[in-house]
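The next block holds one structure in the form of structure tokens; read it before the comments.
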Amino acid sequence: MPFTPGRVPFQFYDLHPDTENFRDDVLSGLAQPRKALAPKYFYDARGSELFEAICDSPEYYPTRTELAMMQADSRDMARLLGPDCLLIEYGAGSGRKTRVLIEALAPAAYVAIDISRTALQQCAAELAAAYPKVKVAAVCADYSRPLDLPVIESISPRRRVIYFPGSTIGNFTRPDALVFLHQAHALAGRGGAMLAGVDLKKDPARLQAAYNDARGVTAAFNLNLLARINRELDGDFDLDGFVHRAIWNADQSRMEMHLESLRDQQVTVAGQTFHFRAGETLHTENSYKFKLQSFAALAEAAGWTLERTWSSEQPAFAVVLLRA
Ligand code: AVI
């Protein structure tokens with residue numbers, strides 16, 4: 449289905465990823481003995497805006513570090529990947545890193561896949577306007593689930609290249625990351641490749657600061673999940689009754705985000721009631737920090753071969769080229 453915001457056309461496909469799954473996942477997540485929700489639900493329109501603000505915060509190093517690496521190394525990446533590919537991005541951020549990659553790589557077409565409809569449409573419209581020679585398509589879908597790509601007319605790309613920046617791979621549990629990497633391997637197909645951003649293990653103080661920024665943007669991002677539940681699922685969370693907590697879990701090598709209940713309280717969502725004890729948390733996100741060898745082992749277990757790594761010193765971050 450073509451979508452035309454203003455005068456900039458791009459192909460838009462809406463696979464309606466968010467409606468019934470959100471309700472079911474929230475109700476089952478709140479019913480567990482250890483309450484937890486999947487981080488993909490942060491990204492409604494407000495959540496996507498707040499995430500962009502996190503990326504601009506002085507403490508959140510990954511975005512800036514990865515962008516600088518793309519600026520320094522994208523020609524090298526493009527030389528290894530070759531021209532005329534179909535570039536498939538999992539997620540649609542502000543597009544700054546994507547622009548650097550598109551300019552170096554000169555793909556035949558670009559497809560963004562994202563669960564957040566507004567952020568996706570905005571990103572695709574901007575890229576279609578900026579690169580008239582590149583066919584642009586946008587697919588509103590949950591890329592953590594298997595999906596078929598729409599056919600992009602009148603292009604015959606030499607290969608598929610998946611771009612997965614931002615270390616979003618760190619937001620999956622290990623088993624889910626393995627499933628995801630298998631699905632991506634199938635989507636890339638013969639001769640395909642993936643370029644992924646991977647945040648590396650580092651000083652916990654640096655991590656704590658990145659997920660606890662002084663201006664409270666990350667706290668607002670975390671709490672917006674409760675506001676979203678109130679808006680979309682007829683919830684009655686009192687946002688003043690919960691606080692943002694970001695914790696380094698050394699055993700699991702991950703940052704965790706939680707919303708901690710400040711008192712004993714009862715909450716109703718979609719007609720169901722849930723109890724929170726004072727100090728009890730709702731676990732909202734894991735962000736795994738990798739050693740390069742452990743990431744390579746994970747990718748190899750899903751059928752990929754690690755061909756090349758670009759990495760930064762401090763803060764340590766890597767961009768990896770995987771071959772299908
Ligand atoms: C999208 N993802 C990689 C971010 C992260 O660092 O795990 C989301 C985020 N959560 C808090 N700050 C940023």
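Residue numbers (the numbering used here): 449 to 772. Beta carbons: idealized from backbone N, C-alpha and C, even for Gly.
When distances are taken from the beta-carbon of Gly614 to the heavy atoms of the ligand AVI, the shortest one is below 7 Å. Taking a contact as a CB-CB distance under 8 Å, the pair Ile502 and Thr716 does not count as one, their CB atoms being some 30 Å apart. Closer than 7 Å to some heavy atom of the ligand AVI: that does not describe the Cβ of Thr621. Arg693 is positioned such that its CB atom lies no closer than 8 Å to that of Ser709. For His633 against Gly530, the beta-carbon gap comes to about 19 Å, at or over 8 Å, which does not count as contact.
Minimum Cα-Cα distance from Lys739 among the listed residues Gly727, His706 and Ser701 corresponds to Ser701. In this structure, the beta-carbon distance from Ala747 to Leu629 falls below 8 Å.
A straight line joining the alpha-carbon of Lys545 with that of Cys533 spans about 17 Å. Beta bridge pairing from DSSP links Phe669 with no other residue. Close CB contacts of Thr721 within its chain, under the 8 Å cut and outside five residues either way in sequence, are with Gln714 and Val715 (chain order). Here Gly689 has Ser709, Leu710, Arg711 and Gln713 as same chain residues with Cβ atoms under 7 Å from its own Cβ, once five neighbours each way along the sequence are excluded. In this structure, Gly543 has its CB at a distance of at least 7 Å from all heavy atoms of the ligand AVI.
For Met518, the Cβ stays outside the 7 Å cut-off from all heavy atoms of the ligand AVI. Cβ-Cβ separation between Val587 and Ala557: approximately 12 Å, too far for a contact (criterion under 8 Å). Here DSSP, grouped into helix, strand and coil, assigns Ile603 to coil. Annotation for Ser742: no residue places its beta carbon closer than 7 Å to its own, counting only its chain and skipping 5 residues before and after. Distance from the Cα of Thr753 is smallest, within the candidate group Ala718, Glu704 and Gly639, for Gly639. Ranked by Cα distance from Ala698, the first of Ser735, Gly614 and Asn678 is Ser735.
In the three-state reduction of the DSSP assignment, Glu551 falls in the helix class, which pools H, G and I. Judged by DSSP in its simplified three-state form, Gly477 adopts helix.
When beta bridges are read from the DSSP output, Ile536 appears opposite Val559 and Ile610. Using a cutoff of 7 Å, the CB of Pro510 counts as near the ligand AVI, since one of the ligand's heavy atoms is closer than that.
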